[in-house]
Structures are given as C-alpha cells and as structure tokens.
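K.L.:
Structure incoming, see below.
2 protein chains.
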Amino acid sequence: MSHRILLVDDEVDILEFVRYNLVREGYEVYTAQNGAEALKVAAECHPHLILLDMMMPVMDGAQTCRAIRANPELKDTMVVFLSALGEEEQQLAGFGVGADDYLTKPIKMKLLVSRVQAILKRIDADPIPEKPAPTGITVDRERYTVIRDGEEITLPRKEFALLELLYSSPGRLIPREEIYTKIWGTDVVVGDRTIDVHIRKLRQKIGDERIVTVKGVGYKYEP
Amino acid sequence: MSHRILLVDDEVDILEFVRYNLVREGYEVYTAQNGAEALKVAAECHPHLILLDMMMPVMDGAQTCRAIRANPELKDTMVVFLSALGEEEQQLAGFGVGADDYLTKPIKMKLLVSRVQAILKRIDADPIPEKPAPTGITVDRERYTVIRDGEEITLPRKEFALLELLYSSPGRLIPREEIYTKIWGTDVVVGDRTIDVHIRKLRQKIGDERIVTVKGVGYKYEP
DNA sequence: AGAATCGACATGAAAAATTCAGGAAAATAC
DNA sequence: GTATTTTCCTGAATTTTTCATGTCGATTCT
Numbered sequence: 001m002s003h004r005i006l007l008v009d010d011e012v013d014i015l016e017f018v019r020y021n022l023v024r025e026g027y028e029v030y031t032a033q034n035g036a037e038a039l040k041v042a043a044e045c046h047p048h049l050i051l052l053d054m055m056m057p058v059m060d061g062a063q064t065c066r067a068i069r070a071n072p073e074l075k076d077t078m079v080v081f082l083s084a085l086g087e088e089e090q091q092l093a094g095f096g097v098g099a100d101d102y103l104t105k106p107i108k109m110k111l112l113v114s115r116v117q118a119i120l121k122r123i124d125a126d127p128i129p130e131k132p133a134p135t136g137i138t139v140d141r142e143r144y145t146v147i148r149d150g151e152e153i154t155l156p157r158k159e160f161a162l163l164e165l166l167y168s169s170p171g172r173l174i175p176r177e178e179i180y181t182k183i184w185g186t187d188v189v190v191g192d193r194t195i196d197v198h199i200r201k202l203r204q205k206i207g208d209e210r211i212v213t214v215k216g217v218g219y220k221y222e223p
Numbered sequence: 224m225s226h227r228i229l230l231v232d233d234e235v236d237i238l239e240f241v242r243y244n245l246v247r248e249g250y251e252v253y254t255a256q257n258g259a260e261a262l263k264v265a266a267e268c269h270p271h272l273i274l275l276d277m278m279m280p281v282m283d284g285a286q287t288c289r290a291i292r293a294n295p296e297l298k299d300t301m302v303v304f305l306s307a308l309g310e311e312e313q314q315l316a317g318f319g320v321g322a323d324d325y326l327t328k329p330i331k332m333k334l335l336v337s338r339v340q341a342i343l344k345r346i347d348a349d350p351i352p353e354k355p356a357p358t359g360i361t362v363d364r365e366r367y368t369v370i371r372d373g374e375e376i377t378l379p380r381k382e383f384a385l386l387e388l389l390y391s392s393p394g395r396l397i398p399r400e401e402i403y404t405k406i407w408g409t410d411v412v413v414g415d416r417t418i419d420v421h422i423r424k425l426r427q428k429i430g431d432e433r434i435v436t437v438k439g440v441g442y443k444y445e446p
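Protein chains in written order, with the working numbering: chain A, 1 to 223; chain H, 224 to 446.
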C-alpha cells in the first residue's frame, strides 16, 4: 500500500520539487501552502506523514503542528519539520510541539527520501505483529553474513553475491546466463563450471536443500 | 525484558500507590517529585515510558514534557499525562507539547495498567534497539581515547578516525572503498595497503578479536 | 527394450590469482 | 628530535578458477 504524505510549504518551487521526487518514489503526495490549508487537507486525507515547513506566513509550522497534535484523529500521523539550517531554537520548538523528526534546508532529496522511508517503516512496523522470514536463513547485507540455525556465517565476496542474487527473489528461477552477467559482468570471461563450484560452496554452507538446480536453465532459491 | 517507567507526581501518596501497582505488574519503576528531578532521572535511566502529572509546582507537566521532547536521547520515550478530570484545556495542551496519551485522575489502577501495557507494546513493535551498544570498549570522541579493560589508550588521528568509523556501526561491514573515502576523502591518494597497516595498529591496541576482516570487501567491528 | 551416447551438472583436487598480515623502513608531521 | 603516516616487500591464507572425472537422466540407436 502506498503511503500518503502531506507536504506543507509556502514556496511553490520547493513544493513542486519535493513533490516530484516523492511521487517518483511511489508515494501519494498532497500539498498545502499554509497551515490552515494543511489542517483541512490533513483532516480529509489522513496522511501517514506530514512534512511541515517551519517558516510560513500567518500560521507557522509550530502552530500548525500543535493544531495537528490536538486532533485525535491524526494522532498516528508523523510530523517532520523542515527549516533553514542552524535555527536551533526552532528545532527545539519543533520537538516541543510534538514533531517526530527534523530536516534542514536546503533540502537534499536523497536524505529526505531516506528519512521519509525510515519513518514510514516505523509506522508500518507498529500495528503489525508480523514476524516473517520463515526461510530458515537470514541474509544480512549490512554484516555480509548469513544466519542459519542461529549461527552467523560470513561469506566471501562472490559467494555472498551469488546468494544474494538467488535469495533476493525466492522461488524464482535464475538462468545461468543471468547469474553470469550479474556477478561477473559482460567483459570478464570465466569457464562454465565456475558457477557450479560456487553453488556447491554455498550449499555446503547454508544447507543443500535450499538451492534447487533446474537442468539446462539455472538455479533457484527455495525458502 | 522489563520496561522502565518513570513516574512523576508531587503527591507522595499517589506516587507510592501507582508505583506499588506497576511494580506488581513487573515493571521497573523510577519516581520523581518534580519536573527538574524527572529530567535528571530520565536522562539516567532512559525510561520507555514517562507518566507525568500535569499539575505540579514550579515546573508543570507541559514544561517538563517540552524539555523531554527537546532531548533527542529520549525521543523514543513515550509520555503520558495524568491530570484531574475535565481539564480539557490541559488535555489539549498535553498533546500540544508532544504527549502520547492521556489519563485522568482519579486514577483507576486497572485502566492505567492496561493503557500502560498497550503503549509499551507499541514500543516493542518498533524496531528500536535497546539503548547504546555495550561493546567491550568505550570510545571517547573528545579525547581521542579508548578505554579497554579500564585502561585508557590514546590513539593518533587516523587510527582514531578508523576506529570511530568502524565502531559507530557495530557489526556492519564497512567496505574498503567507504573507509577510504570517509577517512582520506576523494582527492587524497594513498596506496592500497595503507588501510591494512592502520587496521593492524588498531588491533594491537584494542585487541585482535574485535576487528573482523572480510576478504575482498572490507572490515567490521564486532562487539 | 536394452545399450550406447550425450548433455548438463556435481564433485574432488589442485592450480592460479587475490588479498591480507607482518616486518621494516622511508616520508611526513609535530 | 620523536611520533605518526605511508610505502614496499615477503609469505601465508583465502578465494576464485580450472580441470579431470563421476553421476544422472534423456535421447538415440539397434
């Protein structure tokens, strides 16, 4: 499900710039140019997240946030402030009125998007008591490790790349050709058996049964 | 794991009454009798939840909450207000300064306990890892110093930078590439083996076992 | 049908290539 | 001057690749 984001800023340029980028990330984006409008839109669309400029004429960010926080219907909505760099006071004020996070202008789109993602992830994690991953193993890209039966195994480069490739689309059959180009690229030349050998090493480490061979085509990871 | 709750009220009777009931439920309960004390205790014990009386002399609940919200270390802490019935204004004010929930006096213990449980459950669902990370060594950014087995070791600049980089995300594998750009930047050119040498020095000083090398990729700090 | 054949992969062993640790010394900073 | 940072070289360890051989099933031949 796509998340709804309400973007509030009085400068149309910024509004459009940020909107464009968020839409491209797949979010449903609403906009408002002042606090009053923001409240109205928020009441209607129940956004998951509100990005709120601090400096606005008439009703500034803090006031707006307070008003948002006063509305119990919006209590699950996250509020993130935007403000010019260095306005420490405002930053504090922001948290004071219940902001959940804080971003400084000038806005770095990449940063904003990743923060937004992080925050929305937290929302998702909340009501869902989920505990997925019945896959037997866990692949941890950050640590470069695989956890199997509680044991942490660190894999060397090629092995990890291969596992990640297979693991990232569980159940899907990956043709040898694809493995080849994705791991070795188009300009490196290695013999035919090389893939087999790496597959074998992987099987030794994460368990035989998880990687299935489809003769004449390729391999797939079975959860 | 038991949750930590900080209880703030100026009336000792209430304090003891609520404390007794929460402890019986298995929570770790801290208390404070005014806002200032609350802030101090909160900073120390990092409570999961703060139960905050609105009506207190000197520094009232709203002020205290604002101060709590201003402390980034406590951003994951939930704040619940307690106040006499019917004080609608206060209620609004409570949310205005970032409260997460609201309870009215006179306190019905059953209700309070169930609300507390509900709130703490929400915290657990969040992917918030416990406090900092207990990692065997302590890194002191101010003094360029590392404390290991009670001994204080001063590191030179590059070594410290390297350690800090690894240490700041324990467990995460830092690719050589990243180490390179984060410590030397993009415009300085140093040989390939330079990183290795610094890693070795670090290992000599803080202990071999803590820095793990992943061949062909990089290094990581293991707590 | 049964035997021979063949394609495609598995496997074990081992060569080849990388990649690091360690020691020492040169270059640089302080 | 000493302390720190960097380079360089050697040897060891690990990873990556190759190679020869074995297995299994499907196809073909007789």
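The beta-carbon is built from N, C-alpha and C at its ideal position, and this holds for glycine as well. Keep in mind the model is a prediction, meaning the values are calculated, not measured.
1) Could you check where the beta strand (DSSP E) with A/Leu-173 kicks off and where it finishes?
2) Going by the beta-carbon positions, is the gap between A/His-46 and A/Tyr-27 smaller than 8 Å?
3) Decide if H/Val-281 is buried, meaning its Cβ has at least 16 other Cβ atoms within 10 Å, or exposed.
4) Does the separation of the CB atoms of H/Ile-422 and H/Tyr-403 fall below 8 Å?
5) Along chain A, which residues have their Cβ under 9 Å away from the Cβ of H/Val-420?
6) Beta-carbon separation of H/Leu-297 and H/Asp-232 under 8 Å?
7) Under the three-state reduction of DSSP, which class applies to A/Glu-142: helix, strand or coil?
8) Who are the Cβ neighbours of A/Ala-38 in its own chain at under 6 Å, not counting the five residues just before and after it?
9) In whole angstroms, give me the CA-to-CA distance for A/Glu-152 and A/Val-146.
10) Could you check whether the Cβ of H/Leu-262 sits closer than 7 Å to any heavy atom belonging to the ligand GDP?
11) Go through its chain and collect everything with a Cβ distance to A/Gln-212's Cβ below 6 Å, but skip five positions before and after it.
12) Hey, A/Gly-218 and A/Arg-157 are a contact pair by Cβ (cut 8 Å); roughly how many whole angstroms apart?
13) Counting only beta-carbon atoms, is A/Arg-143 nearer than 8 Å to chain H?
14) Please go through the same chain and pick out, in chain order, the residues whose beta-carbon is closer than 6 Å to the beta-carbon of H/Tyr-253, but skip the five residues on each side of it.
15) Tell me which residues share the same chain as H/Leu-425 and place their Cβ nearer than 7 Å to its Cβ, disregarding the 5 neighbours each side in the sequence.
16) Please classify H/Asp-410 as buried or exposed, where buried requires at least 16 neighbouring CB atoms within 10 angstroms.
17) Do you know offhand how far H/Ala-293's Cα is from H/Val-246's?
18) Are H/Met-277 and H/Ala-285 closer than 8 Å when you measure CB to CB?
19) Taking the alpha-carbon positions, what's the H/Tyr-367 to H/Val-413 distance?
20) Determine the contact status of H/Val-235 and H/Leu-274, defining contact as a CB-CB distance below 8 Å.
21) Which runs of the alpha helix (DSSP H) at least 4 residues long sit entirely within the segment 4-69 of chain A? Give them in chain order.
22) Counting only Cβ-Cβ distances shorter than 7 Å, please list the residues of the segment 373-399 of chain H near chain A, keeping chain order.
23) Would A/Val-197 and A/Tyr-167 be called neighbours here (beta carbons separated by less than 8 Å)?
24) For a contact meaning CB atoms closer than 7 Å, what does H/Val-413 contact in chain A?
25) Would a check of beta-carbon distances place H/Gly-284 closer than 8 Å to chain A?
26) Name the DSSP beta bridge partners of A/Ile-137, please?
27) Mapping DSSP to helix, strand and coil, what is A/Leu-202?
28) Under the three-state reduction of DSSP, which class applies to A/Glu-89: helix, strand or coil?
29) For A/Lys-158, does the three-state DSSP call read helix, strand or coil?
30) Show which residues of chain A have a CB atom less than 8 Å away from the CB atom of H/Met-443.
31) Out of H/Ile-237, H/Leu-378, H/Ala-290, H/Asp-299, point me to the one whose CA is closest to H/Ile-429's CA.
32) Which of the three DSSP states, helix, strand or coil, is assigned to H/Val-440?
33) Taking DSSP's pairing of strands, which residues face A/Ile-211 in a bridge?
34) Can you give me the Cβ contacts of A/Glu-209 inside the same chain, cut-off strictly under 7 Å, excluding the 5 residues immediately before and after it?
35) For H/Lys-263, would you say it is in contact with chain A, using Cβ-to-Cβ distances shorter than 8 Å as the test?
36) Tell me the DSSP secondary structure of A/Val-80 in three-state form.
P.N.:
From the atom records:
1) As a first step, residue 173 of chain A must be located in the first sequence, where it is residue number 173. Residues 173-175.
2) Taking the first residue of the first sequence as position 1, residue 46 of chain A is located at position 46. Taking the first residue of the first sequence as position 1, residue 27 of chain A is located at position 27. No. Outside cutoff.
3) Locating residue 281 of chain H in the second sequence gives position 58, counting from the first residue. That one is exposed.
4) For the purposes of this step, residue 422 of chain H is taken as residue 199 along the second sequence, with counting starting at 1. For the purposes of this step, residue 403 of chain H is taken as residue 180 along the second sequence, with counting starting at 1. It is not a contact, given that the beta carbons lie outside the stated cut-off.
5) Position 197 of the second sequence, counting from 1, holds the residue named residue 420 of chain H. Within 9 Å Cβ-Cβ: nothing; H/Val-420 doesn't reach chain A, min ~22 Å.
6) By one-based count along the second sequence, residue 297 of chain H stands at place 74. By one-based count along the second sequence, residue 232 of chain H stands at place 9. In this structure, the beta-carbon distance from H/Leu-297 to H/Asp-232 does not fall below 8 Å.
7) Stepping through the first sequence from its first residue, residue 142 of chain A is reached at position 142. Note: A/Glu-142 maps to coil in three-state DSSP.
8) On the first sequence, position 38 is the one that residue 38 of chain A refers to. The residues are Val-8, Ala-32, Thr-64.
9) Indexing the first sequence from 1 puts residue 152 of chain A at position 152. Indexing the first sequence from 1 puts residue 146 of chain A at position 146. About 6 Å.
10) The ligand GDP is not among the ligands present in this structure, which contains no ligands whatsoever.
11) Along the first sequence, one-based indexing puts residue 212 of chain A at 212. Just to set this straight, residue 212 of chain A is Val in the shown sequence, not Gln. These residues qualify, in order along the chain: Lys-220, Glu-222.
12) For this step, residue 218 of chain A is matched to residue 218 along the first sequence. For this step, residue 157 of chain A is matched to residue 157 along the first sequence. No, A/Gly-218 and A/Arg-157 are not in contact; Cβ-Cβ is about 21 Å, not under 8 Å.
13) One-based indexing of the first sequence puts residue 143 of chain A at position 143. A/Arg-143 counts as touching chain H.
14) Within the second sequence, the letter at position 30 stands for residue 253 of chain H. Closer than 6 Å at the Cβ level, and outside the excluded window around H/Tyr-253, lie Leu-229, Val-264, Cys-268.
15) Position 202 of the second sequence, counted from the first residue, corresponds to residue 425 of chain H. So the list reads Glu-382, Leu-385, Leu-386, Ile-434, once near-sequence residues are dropped.
16) Residue numbering aside, residue 410 of chain H sits at position 187 when the second sequence is read from its first letter. When all chains shown are included, H/Asp-410 counts as exposed.
17) As a first step, residue 293 of chain H must be located in the second sequence, where it is residue number 70. As a first step, residue 246 of chain H must be located in the second sequence, where it is residue number 23. Computed Cα separation, rounded: 28 Å.
18) For the purposes of this step, residue 277 of chain H is taken as the residue at position 54 of the second sequence. For the purposes of this step, residue 285 of chain H is taken as the residue at position 62 of the second sequence. Taking 8 Å as the Cβ cut-off, H/Met-277 and H/Ala-285 qualify as a contacting pair.
19) As a first step, residue 367 of chain H is located in the second sequence; it is residue number 144 there, counting from the start. As a first step, residue 413 of chain H is located in the second sequence; it is residue number 190 there, counting from the start. The straight-line gap from Cα to Cα measures roughly 23 Å.
20) Translated into the one-based positions of the second sequence, residue 235 of chain H becomes position 12. Translated into the one-based positions of the second sequence, residue 274 of chain H becomes position 51. It is not a contact, given that the beta carbons lie outside the stated cut-off.
21) The qualifying runs are 12-24, 35-45.
22) Gly-394, Arg-395, Leu-396
23) Start at 1 with the first residue of the first sequence, and residue 197 of chain A comes out as number 197. Start at 1 with the first residue of the first sequence, and residue 167 of chain A comes out as number 167. Taking 8 Å as the Cβ cut-off, A/Val-197 and A/Tyr-167 do not qualify as a contacting pair.
24) Locating residue 413 of chain H in the second sequence gives position 190, where the first residue counts as 1. Here the premise fails: no neighbours, minimum Cβ distance about 22 Å.
25) Counted from its first residue, the second sequence places residue 284 of chain H at position 61. No, H/Gly-284 lies away from the interface with chain A (no Cβ there is under 8 Å from its Cβ).
26) Counting from one through the first sequence, the residue named residue 137 of chain A turns up at place 137. Note: A/Ile-137 sits in a beta bridge opposite A/Arg-148.
27) Here residue 202 of chain A refers to the residue found at position 202 of the first sequence. Looking at A/Leu-202 - three-state DSSP - the assignment turns out to be helix.
28) Counted from its first residue, the first sequence places residue 89 of chain A at position 89. Low per-residue confidence applies at A/Glu-89: pLDDT is 45, beneath 50, and the placement is therefore not dependable, though the value from the model is reported in the following sentence. DSSP places A/Glu-89 in helix when its eight states are reduced to three.
29) Counted from its first residue, the first sequence places residue 158 of chain A at position 158. In the structure shown, the three-state DSSP call for A/Lys-158 is helix.
30) The count along the second sequence starts at 1 and reaches residue 443 of chain H at position 220. The sequence shown places Lys at residue 443 of chain H, rather than the Met named in the question. By Cβ distance, chain A contributes Arg-143, Tyr-144.
31) For the purposes of this step, residue 429 of chain H is taken as the residue at position 206 of the second sequence. Among H/Ile-237, H/Leu-378, H/Ala-290, H/Asp-299, the Cα nearest to that of H/Ile-429 belongs to H/Leu-378.
32) One-based indexing of the second sequence puts residue 440 of chain H at position 217. In this structure, H/Val-440 counts as coil in the three-state DSSP scheme.
33) By one-based count along the first sequence, residue 211 of chain A stands at place 211. Answer is A/Tyr-221.
34) Stepping through the first sequence from its first residue, residue 209 of chain A is reached at position 209. Cβ neighbours of A/Glu-209 beyond the five flanking positions: none.
35) Residue mapping note: residue 263 of chain H aligns to position 40 of the second sequence, counting from 1. No, H/Lys-263 lies away from the interface with chain A (no Cβ there is under 8 Å from its Cβ).
36) In the first sequence, residue 80 of chain A corresponds to position 80, counting from 1. The answer is strand: DSSP assigns A/Val-80 an E or B state.
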